[in-house]
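Participant: First, the structure itself, so that you have it in front of you.
Numbering (full-length UniProt numbering), first residue to last: 1 to 510.
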């Protein structure tokens, strides 16, 4: 919030108090910026959780808004100026939102001077974003029975419509809301039960868990079809993350794995829609991706995990490795203190990334041509330089380890130069892993291997919907409704998120 010279107080003590208050707030903001920088660039052990940083920023913004409102209330003229500024900067509200119009008119339509009738010459229109809190309602379905007066045994009644939870109370939209809250908004079921109870709906956590399990069972074929579609493509990303699972036999948790297989061809104008499929496995053994990707023949972009190598050797898959993981190792060395070799390596890798920024969104042929011209000389010079430095340093150092990591994967690291479809890193699939990590943070662990498989099934459909700009709640409600009403398994392609996106208007919500 800025002030003009005329707005500053004349009283010295008031001015001092204002300066001290501003300085304290500036110090707070500087600290938040430092934490953000450390969160982005610092060592992992020194970083703060992202939600804590966001909380600090939220509070700073709230404090500023509070001060703005206090000043605006004190000066009506300035309040009008600020309102005009907000109208010019806020953009327009989405056209698909319903409008509730209110006319604020004058009481007397006679001229205050001569009493002649006034005529309308225009109007001022303002729009405000309003919200109606989630509202429960009860859908009552009546099925009349009919009998024949002449025939004693004749009773005619329309058959009951199929329901996801037979004998239960929820609609498919209600179940979809529970799924989205748990797997997209990361609200565990016990918290959802608490929210519903505040609105007078007493639903036990076990009841919600029953709904989730039944929905996951129905969605399992759609998840498998999604994975089959991804495996049929020519290029995928792969990554994995831990999935703590309760192990009742030992009274503790065991560490399972959620494997993520993603496709996103948008950076090179590919035709296939983006998607991600998660698959749960109880361990991280190399046979897991071999089983998951059985039948896949193409390019698999991964981090440096050696478990993917047998997949390439047996199935004929070409591995493309991730420069982000290479860069990270040199960055950790450079951030710890003076490190001229690591710094030079970072500089050369940054040149590769700069070229990628220039060509993102171009066709694969254009990307390949630019890489051959600009990226190839950088890579051809980097490899012998790394070997030269490796010969000059102790082989037991972290720097030597970082260099060997890069050189041992050089063929996969440079594969992107010869193929415009390949990205320079695997950040695409790492972004798909983040929602899993958030859910893991809030839920702590899955209750069983079957629960982790449900997690993988529902999260796959939700995250793929988000990648295709589909509202997950509307999508899941529609898919569950169509499944329980007998949608044929031979037409599962119609239930995939990108098919739903093609059949609905942009931003439409069921």
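Even for Gly, the Cβ is constructed at its ideal location relative to N, Cα and C.
Rounded to the nearest angstrom, how far is the Cβ of residue 226 from that of residue 298, given a contact under 8 Å?
Facilitator: Their Cβ separation, rounded to whole angstroms, is 17 Å, which puts residue 226 and residue 298 out of contact at 8 Å.
Participant: Are three or more beta carbon pairs between the stretch 366 to 383 and the stretch 416 to 423 nearer than 8 Å?
Facilitator: The stretch 366 to 383 vs the stretch 416 to 423: in contact.
Participant: Since residue 307 contacts residue 284 with CB under 8 Å, what's their CB separation in whole angstroms?
Facilitator: The pair is a contact, with the Cβ atoms about 7 Å apart (cut-off 8 Å).
Participant: Please confirm whether residue 320 and residue 412 have their CB atoms less than 7 Å apart.
Facilitator: Yes. Within cutoff.
Participant: When you compare only the Cα positions, how much space is there between residue 469 and residue 362?
Facilitator: Each residue's Cα considered, the two are about 21 Å apart.
Participant: Distance, Cα to Cα, residue 166 vs residue 222?
Facilitator: So the two alpha carbons sit approximately 21 Å from each other.
Participant: I think residue 129 touches residue 187, with their Cβ atoms under 8 Å apart; what is that distance to the nearest whole Å?
Facilitator: In fact, because the Cβ distance is near 23 Å, the residues do not count as touching under 8 Å.
Participant: Determine the direct distance from the alpha carbon of residue 267 to that of residue 121, and round the result to whole angstroms.
Facilitator: One C-alpha to the other measures close to 51 Å.
Participant: Our contact map puts residue 109 next to residue 118 with C-beta atoms below 8 Å; I'd like the distance itself, whole angstroms only.
Facilitator: Contact holds; Cβ gap of about 5 Å.
Participant: Taking the alpha-carbon positions, what's the residue 484 to residue 219 distance?
Facilitator: For residue 484 and residue 219, the distance between alpha carbons rounds to 11 Å.
Participant: Between which two residues does the beta strand (DSSP E) containing residue 299 stretch?
Facilitator: Residue 299 -> beta strand (DSSP E) spans 299 to 301.
Participant: Tell me whether residue 346 sits in a helix, a strand or coil according to DSSP, three-state version.
Facilitator: Three-state result, residue 346: helix.
Participant: May I ask which residues mark the beginning and end of the alpha helix (DSSP H) holding residue 182?
Facilitator: Residues 172 to 183.
Participant: Taking residue 147 as part of the beta strand (DSSP E), name the residues at either end of that continuous run.
Facilitator: Start and end: 145 to 147.
Participant: Distance, Cα to Cα, residue 103 vs residue 127?
Facilitator: If you take the alpha carbons of residue 103 and residue 127, they lie about 12 Å apart.
Participant: Helix, strand or coil, according to DSSP, for residue 500 in the structure here?
Facilitator: Note: residue 500 maps to helix in three-state DSSP.
Participant: If I measure Cβ to Cβ from residue 181 and keep anything under 8 Å in the same chain, skipping five residues before and after, which residues do I get?
Facilitator: So the qualifying residues of the chain are 187 and 192.
Participant: Would residue 159 pass as a contact of residue 498 if the rule is Cβ separation under 7 Å?
Facilitator: Going by C-beta atoms, residue 159 is not nearer than 7 Å to residue 498.
Participant: Got a sec? Which residues, its chain only, sit under 6 Å from residue 234 by beta carbon, not counting five neighbours each side?
Facilitator: Counting only Cβ-Cβ distances below 6 Å, and skipping sequence neighbours, we find 298.
Participant: Using only the alpha-carbon positions, how far apart do residue 353 and residue 424 sit?
Facilitator: One C-alpha to the other measures close to 8 Å.
Participant: Short check: CB of residue 259 to CB of residue 245, under 7 Å?
Facilitator: Result no, Cβ atoms of residue 259 and residue 245 do not sit closer than 7 Å.
Participant: Around the C-beta of residue 177, are 16 or more other C-beta atoms found within 10 angstroms, so that it is buried, or is it exposed?
Facilitator: Buried.
Participant: In angstroms, rounded to a whole number, what distance separates the CA positions of residue 170 and residue 136?
Facilitator: Approximately 11 Å between the Cα atoms of the pair.
Participant: Run the CB neighbour count on residue 478, radius 10 Å, all protein chains shown included, and call it buried at 16 or more, exposed below.
Facilitator: Result: buried.
Participant: Taking its Cβ as the centre, do 16 or more other Cβ atoms sit within 10 Å of residue 144, making it buried, or is it exposed?
Facilitator: Burial call: exposed.
Participant: According to DSSP, is residue 236 helix, strand or coil?
Facilitator: Correct three-state label for residue 236: strand.
Participant: Bridge partners for residue 318 per DSSP, in chain order?
Facilitator: According to DSSP, residue 318 bridges with 299.
Participant: Between the Cα of residue 314 and those of 488, 142, 461 and 296, spot the shortest distance and give me the residue it belongs to.
Facilitator: When only C-alpha atoms are compared, the closest one is 296.
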